[in-house]
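*Asks:*
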Amino acid sequence: MTNDNSTPQEPGTADAEAAAAQAGPPTPEAQLAEAQGRLAEMSDAYLRAKAEVENIRRRSDDEMSKARKFAVEAFAEAMLPVMDSMEAAIAMPDAKVEQVLEGVHATKRQLASALERNKVLEINPAAGTRFDPHQHQAISVVPAEQEANTVVMVLQKGYSIADRVLRPALVTVTAPK
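So the number in my numbering is just where the residue sits in the sequence shown, counting from 1, plus 5.
Put into structure tokens, the structure is as follows:
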């Protein structure tokens, strides 16, 4: 007689369970064999996981190495037109001063554009800007008719890249009153 509420089982499972129930409790040898089987499965799974982690680490190291090696590639490509302009200027030794000056201005615009495309930005505070020791370096302190601790004059522009200061702006600041 079969019970309609029973769940379907794989063929042979019921026979194995019935045989195990008739045989009584498992013998120590059977328990040992079962434990060794589970150990072998877990050991295999562990070794596979360990190999996968090692492969991921190796791929990651390779990608990091390539990223370091070629990180400057975009910047170098942006600098090539600047180099071309400089070489063209050198190739014209008889150029008039006006031509040289015009070429220098054009080359400066190329350089500024290349730096901007590569996220290198000027730090050039206007007069009266509050002194920021993270972006400015005070070279001198002078008395002035503006608020204390503010920029009077920029002696040399600074530059930053991605919110990191490459070189602080060299500034003169007002003396405290």
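Where a beta carbon is used, it is the ideal one built from N, C-alpha and C, also for glycine.
Can you grab the Cα-Cα spacing for the pair ARG62 / LEU85, in whole Å?
*Replies:* The sequence position of residue 62 within the sequence shown is 57, counting from 1. The sequence position of residue 85 within the sequence shown is 80, counting from 1. One C-alpha to the other measures close to 36 Å.
*Asks:* Quick check: the region 96–105 against the region 124–142, are there 3 or more CB pairs under 8 Å?
*Replies:* Touching, no.
*Asks:* Buried or exposed for PRO181, going by 16 or more other Cβ atoms inside 10 Å?
*Replies:* Walking along the sequence shown from the start, residue 181 turns up at place 176. The residue in question, PRO181, is exposed, as its Cβ has fewer than 16 Cβ neighbours within 10 Å.
*Asks:* For SER65, list the residues DSSP reports as bridge partners.
*Replies:* For the purposes of this step, residue 65 is identified with residue 60 of the sequence shown, where counting begins at 1. Answer is none; SER65 lacks a bridge partner.
*Asks:* If GLY163 and VAL170 are in contact, beta carbons under 8 Å, what's the gap, nearest whole angstrom?
*Replies:* The residue given as residue 163 occupies position 158 in the sequence shown. The residue given as residue 170 occupies position 165 in the sequence shown. Indeed, because the Cβ distance is near 7 Å, the residues count as touching under 8 Å.
*Asks:* Return helix, strand or coil for ALA174, following the three-state DSSP convention.
*Replies:* Locating residue 174 in the sequence shown gives position 169, where the first residue counts as 1. It is a strand residue.
*Asks:* Helix or strand or just coil, what does DSSP make of VAL125?
*Replies:* Against the sequence shown, residue 125 aligns to sequence position 120. In this structure, VAL125 counts as strand in the three-state DSSP scheme.
*Asks:* Taking Cβ positions only, does ILE128 come closer than 7 Å to chain B?
*Replies:* The question asks about chain B, but that chain is absent: this structure has only one protein chain.
*Asks:* What residue range does the beta strand (DSSP E) around MET97 cover?
*Replies:* Taking the first residue of the sequence shown as position 1, residue 97 is located at position 92. Unbroken run through MET97: none, as it is neither H nor E.
*Asks:* Mind the definition here: the region 68–75 touches the region 88–99 only if three or more C-beta pairs lie below 8 Å; say whether that holds.
*Replies:* No contact exists between the region 68–75 and the region 88–99.
*Asks:* To the nearest whole angstrom, what separates the beta carbons of ALA143 and VAL87, a pair I think is in contact under 8 Å?
*Replies:* For the purposes of this step, residue 143 is identified with residue 138 of the sequence shown, where counting begins at 1. For the purposes of this step, residue 87 is identified with residue 82 of the sequence shown, where counting begins at 1. Going by Cβ atoms, the distance from ALA143 to VAL87 rounds to 32 Å, so no, they are not a contact pair.
*Asks:* Thinking just about the alpha-carbon of each residue, which of VAL159, ALA149, GLU152, VAL147 is nearest to the one in HIS141?
*Replies:* Looking up residue 141 in the sequence shown gives position 136. Taking only the C-alpha atoms, the option nearest HIS141 is VAL159.
*Asks:* Among ARG172, VAL176, LEU175, ILE166, which residue has its Cα nearest to the Cα of PHE80?
*Replies:* Numbered from its first residue, the sequence shown carries residue 80 at position 75. Of the candidates ARG172, VAL176, LEU175, ILE166, the one whose C-alpha sits nearest the C-alpha of PHE80 is ILE166.
*Asks:* Considering only the beta carbon of each residue, do ALA153 and ALA119 sit closer than 7 Å?
*Replies:* Position 148 of the sequence shown, counted from the start, is the residue given in the question as residue 153. Position 114 of the sequence shown, counted from the start, is the residue given in the question as residue 119. Going by C-beta atoms, ALA153 is not nearer than 7 Å to ALA119.
*Asks:* With DSSP as the reference, label GLN142 as helix, strand or coil.
*Replies:* Numbered from 1 along the sequence shown, position 137 holds the residue referred to as residue 142. Of the three classes helix, strand and coil, the one that applies to GLN142 here is strand, per DSSP.
*Asks:* Quick test of your reading: VAL176 and PRO130, contact by CB under 8 Å. State the CB separation rounded to the nearest angstrom.
*Replies:* Residue 176 sits at position 171 when you count from the first residue of the sequence shown. Residue 130 sits at position 125 when you count from the first residue of the sequence shown. Correct: roughly 7 Å between the Cβ atoms.
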